[in-house]
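Accompanying notes for the structure given below.
Protein chains in written order, with my numbering: chain A, 1 to 391; chain B, 1001 to 1391.
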């Protein structure tokens, strides 16, 4: 009745997954070996080293969780939050709200620092909230809000949290490898990311990193971690040091092959070069989109380079445009999420997908499709603007 | 510093992962598309249909959880157990113990029905426990205990639970596609499985199925599900009916390509044919191993065909034998787990790996390695026994 699935080859310029490098696709198709095979244990050790490089940390507990980014988020909260704990959650988009939901489900109290969507978290508002809540244990915030394209000042927010003796939980899902992530430099205590954004790997894994201060918290909990699967006290029996690894769950072997190759590609390019590439392609895309009359919802100094949230020209059916881009050009761009649904497009330039070919395709395809609407476009201007931006 | 990872091609005859069919490896390497792409939504619909076929159920909530089997287990417990609930857990191996651990972490009370390892769950013992605990809400048991190779009578245990008006949670990780799994026939309420056993897919996903009775329980909980990631009330917004799917987490796209191909292969062979194949290869392996002087720890009527736990000949260094099998023949067999560590080998014949070539390799390689020890072996007898078993 059914047949083998052969997906159309798309260009993925939404909020993730991003285009996966063919080297990574090929790695995921290599023969499966056992999760306790000595060769696999060597791979695990290399993965830890490569993740430390990507996160810029010496944290020993730096590993990929065997599930998507949401599970990485949950790993941080379920291990660090005990019932009754007060957690200050900075909320400037969808993903901050999810953090607060996590806190409440675990019996914690979420103190919300509300921020206009499309803006970075306001450090002064965090300071005020911490003054008003002297018993707070943790500060949680999103470095790069995928729902709005805003980048917050992680270094400053971590410092403010530290002054109030709070642990920090930082969402680096969209930032890792796309812009400056500096776990040890920030002094962030627990961070999580995903594989399907600027690492350009398939979705399904969630790199996390915990420093000693965070490890002490879950080692000394009074109540057990409510999740068996994500309890780091158990997970570290498998991911820890030495050749003897205690079986906890069966690792997603082939997905980890893919992550290893993705991190290898990043190490070949270098972190700074990757960030620079994301910046230059962002600037070219921006020139093209602005020539088409679109504008960014995030003020320039707070803007991400890997995720561009732009307004939709008046009179345009935004869903129809996305559908046409997908059907005619195999180009995926993202819709707005939460309160921005229907109001913005989210155009990703993440990892392998952040390249001049994609910038040109996106600008030209948008120009072609939008010209069917009653939108004023000076044909050819956008292309020229892109070229000029690359200089 | 590091290089691309190129695993040695192994023959996987441990407790899982099992050898992955090359068709599945190739499927996992196909280009990633978006988790909201219309093509992907069609794939999700086909996956639900194929899983219903494999589980033999018409349950609408039949989906793969985006994480390994342990997360499937947790999905059942975290959605169905509320604080204070009494759960009767049948414990005849490692995986029963994990169920009990899940219950306790969620604030439930685990009533243990203890059973000798290597034996099926005793229906009378369950009946007694239910009589002694009239307030029990749930009965949980493992259909196929991967730590011992014992198969319990799921139909009978589900019926006993139903007589006491208890929901059932059934672990079908190692049984699915390897022997008779009949969710609707049993009247099981919630079941979970894994991809890396008799489906011969890469590890990393966990198929689950919930009937209406189970769905009503988590829809009407008084306390929120403690896990955001595994809350089926949210997950079903994405996996539910219709073309409009609410984003919950980013699906592990390429892993799901693999599962789709694995289920397709199963549907091409047919369930009964797959079970029969597992039986005939098991009987041949058994003939060979018995000719080598090994014996099964599980009595014949309760024995799994896909997982063979056998005693280690006296005077043999079991870890050294496994190491030699891996290094010289690229053959992986499993060690004992929990209280059986050091006492048994666990030899899997699961899915794609359940074939005469592997049976012959395993028996011959074991004969070769064991003959270095002071073990009495009539050379050639084992091979003859294997051939005779195939008839």
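The beta-carbon is built from N, C-alpha and C at its ideal position, and this holds for glycine as well.
- Here residue 1091 of chain B is bridged, per DSSP, to B:1114.
- Residue 1064 of chain B is outside the set of residues whose beta carbon lies under 9 Å from a beta carbon in chain A.
- In this structure, residue 1249 of chain B lies near residue 1229 of chain B, with their beta-carbon atoms less than 9 Å apart.
- Per DSSP, residue 245 of chain A is not a residue of any alpha helix (DSSP H), being assigned neither H nor E.
- Considering only beta carbons, no part of the region 342 to 360 of chain A lies closer than 7 Å to chain B.
- Chain order gives no chain A residues near residue 1317 of chain B, where near means a beta carbon separation below 9 Å; the closest approach is about 16 Å.
- Around the beta carbon of residue 1131 of chain B, fewer than 16 other beta carbons sit within 10 angstroms, so the residue counts as exposed.
- In the displayed model, residue 1013 of chain B falls within a strand according to three-state DSSP.
- Not one beta carbon of chain B lies nearer than 9 Å to the beta carbon of residue 281 of chain A.
- Partner residues in the beta bridge of residue 169 of chain A, as assigned by DSSP, are A:140, A:190.
- Counting along the chain, residue 1213 of chain B sits inside no beta strand (DSSP E); it lies in the alpha helix (DSSP H) bounded by residues 1212 to 1219.
- Closest by C-alpha distance to residue 1098 of chain B, out of B:1020, B:1237, B:1318, B:1071, is B:1071.
- Going by beta carbons, residue 1187 of chain B and residue 1158 of chain B fall inside the 9 Å limit.
- For residue 1079 of chain B, no Cβ of chain A is located within less than 9 Å of the residue's own Cβ.
- A Cβ-Cβ distance of about 7 Å is found for the pair residue 66 of chain A and residue 1204 of chain B, placing them in contact under the 8 Å criterion.
- Not a single CB atom of chain B sits nearer than 9 Å to the CB of residue 221 of chain A.
- Burial is judged here by how many other beta carbons sit within 10 angstroms of a residue's own beta carbon; residue 379 of chain A has fewer than 16 and is exposed.
- Interface residue (Cβ-Cβ distance to chain A less than 9 Å): residue 1116 of chain B is not classified as such.
- For residue 75 of chain A, the three-state secondary structure derived from DSSP is helix.
- Against chain B, a Cβ distance below 8 Å from residue 34 of chain A picks out 1010, 1012, 1014, 1017, 1332.
- Closest by C-alpha distance to residue 1033 of chain B, out of A:374, A:353, A:372, A:264, is A:353.
- Take the alpha-carbon of residue 194 of chain A and the one of residue 183 of chain A: they are about 15 Å apart.
- As the crow flies, the alpha-carbon of residue 93 of chain A is around 20 Å from that of residue 349 of chain A.
- For the 9 Å CB-CB criterion, residue 313 of chain A and residue 292 of chain A form a contact.
- When A:279, A:12, A:16 are compared, the shortest CA-CA separation from residue 337 of chain A is found for A:16.
- Within the same chain, 79, 80, 225, 232, 233 come within 7 Å of residue 218 of chain A by CB-CB distance, once the 5 residues on both sides are set aside.
- Between residue 1308 of chain B and residue 1346 of chain B, the CB-CB gap stays under 9 Å.
- Residues are counted here when their Cβ sits less than 7 Å from a Cβ of chain B; for the region 43 to 54 of chain A these are 43, 46, 50, given in chain order.
- When A:271, A:304, A:368 are compared, the shortest CA-CA separation from residue 143 of chain A is found for A:304.
- Nearest to residue 1020 of chain B by C-alpha distance, out of B:1386, B:1374, B:1355, B:1369, is B:1355.
- For residue 53 of chain A, DSSP assigns no beta-bridge partner whatsoever.
- For the pair residue 1129 of chain B and residue 1113 of chain B, the CB atoms are nearer than the 9 Å cut-off.
- Buried is the label assigned to residue 214 of chain A, since at least 16 other Cβ atoms lie within 10 Å of its Cβ.
- A straight-line Cα-Cα distance of about 10 Å links residue 1025 of chain B and residue 1262 of chain B.
- Contiguous beta strand (DSSP E) elements confined to the region 282 to 369 of chain A occur at 307 to 311, 331 to 335, 344 to 348, taking only those with 3 or more residues.
- For residue 364 of chain A, the closest alpha carbon among the candidates A:327, A:192, A:386 is that of A:386.
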